[in-house]
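A short worksheet on the structure shown next.
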Amino acid sequence: MSKEVIVISGSGAIGIAIARRIAVGKQLILADIKIENAQMQAQELRNAGFNVHTIECDVSNRESVNKLVDFASKLGNITGLVNTAGLSPSQASAKRLFEVDLYGTALLLDSFAHVMAKGGSALVIGSQSAYRLEPLTFEQTKALALTPTEDLLNLPFIQAVDDSLSAYQLSKRGNALRVQAQAVKWGHHGTRVNCISAGIIYTPLANDELNGERKEFYRNMLSNLPVGRGGSPDEIANLAELIMSEKGAYITGSDFLIDGGATAKYWWDKQD
Ligand SMILES: NC(=O)c1ccc[n+]([C@@H]2O[C@H](COP(=O)([O-])OP(=O)(O)OC[C@H]3O[C@@H](n4cnc5c(N)ncnc54)[C@H](O)[C@@H]3O)[C@@H](O)[C@H]2O)c1
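Position 243 of the sequence shown, counting from 1, maps to 242 under numbering that gives the first Met the number 0, and the rest follow consecutively.
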């Protein structure tokens, strides 16, 4: 049995699409706050020949993440970590979004930094939504990148936010900045870390947005995308596979925007 271990936190549509690309012939751990999501996906993957383990994990809880790290470390050499555990603005309050999307991501990166095998890499799924924020000040930028994880949620400009869309955007901006800052530390261990900022990708999470309180806004965005359609989880997996493979060995600390042109449209269509 392979001693190579791939950890996917968040067993949703994007996580599973990536797992199918990078976990063939390896030991795959699916971690999710809803264990039934992980178990359901595990069954499908086992039928397709994958070697899958499941574990309940709340990425916003240190004890829970420690258990995941222990579980993965005992299985073998951790060569891949992909964090797709996340909530969208229609699914949670600002407070919960910060806990899961901002703090949870930072916590995972801290917790796995020292246990990843040399040559391994981590990937975080951010969002094009972060690209809609007005520029942050340098102090805010630095704070998102470098503030110790346990202090992140106490930052005054985080505490001041109470709407879930702003919380989502700031959290996802925080993900890309965190990844950039962490790449330096990860480099010392011979590992890499990157972020993919995704646009509208057809998944249960996107469906909640397309049918939630901001549905007009999302549907309008979808119908005006430069590429003319929403994305599929497999299109995110195409990019993830490249970044995490040997071909991506020179890529670290990077954030890749893959959004069908949503950001381009948002900022520059007004120029016509
Ligand atoms: N689908 C999109 O359009 C889109 C766009 C941009 C970014 N993203 C990001 O991609 C990531 C994956 O989203 P998806 O579309 O695959 O969604 P999904 O709903 O299919 O999967 C998300 C999974 O994360 C799990 N999860 C939620 N909170 C958790 C927690 N605290 N701990 C552990 N697991 C938790 C959920 O139970 C679910 O199984 C998210 O971070 C999301 O913000 C998605």
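We treat Cβ as the ideally placed atom computed from N, Cα and C, and that holds for glycine.
Asked	Found
Across which residues does DSSP place Asp-254 in a beta bridge pair?	Cys-194
Closer than 7 Å to a non-hydrogen atom of ligand 1 - does that hold for the CB of Pro-134?	no
Check Leu-272 in the structure and name its three-state DSSP category.	Nothing can be reported for residue 272, as the shown portion of the chain is limited to 0 through 271.
Given Ser-170, which residues of its chain have a CB within under 7 Å of its CB, disregarding the five upstream and five downstream residues?	Leu-96, Phe-97, Asp-100, Leu-101
So, with DSSP's three-state summary, where would you put Gly-14?	helix
Ordered along the chain, which non-local residues of its own chain (more than five positions away) have a Cβ less than 6 Å from that of Leu-204?	Ser-87
With DSSP collapsed to three states, give me the class of Asp-233.	helix
Near Glu-55, what residues of its chain come up, given a Cβ to Cβ distance below 6 Å and the 5 sequence neighbours on each side ignored?	Ile-34
Can you name, in chain order, every residue of its own chain whose Cβ lies under 8 Å from the Cβ of Glu-212, other than the five neighbours on each side?	Ser-89
With the cut-off set at 8 Å, would you say Ala-263 and Gly-198 are in Cβ contact?	no
Looking only at its chain, what residues have a beta carbon closer than 7 Å to the beta carbon of Val-160, apart from the 5 residues adjacent to it on each side?	Ala-93, Ala-166, Leu-169
Would you check whether ligand 1 has a heavy atom nearer than 7 Å to the C-beta of Ile-200?	yes
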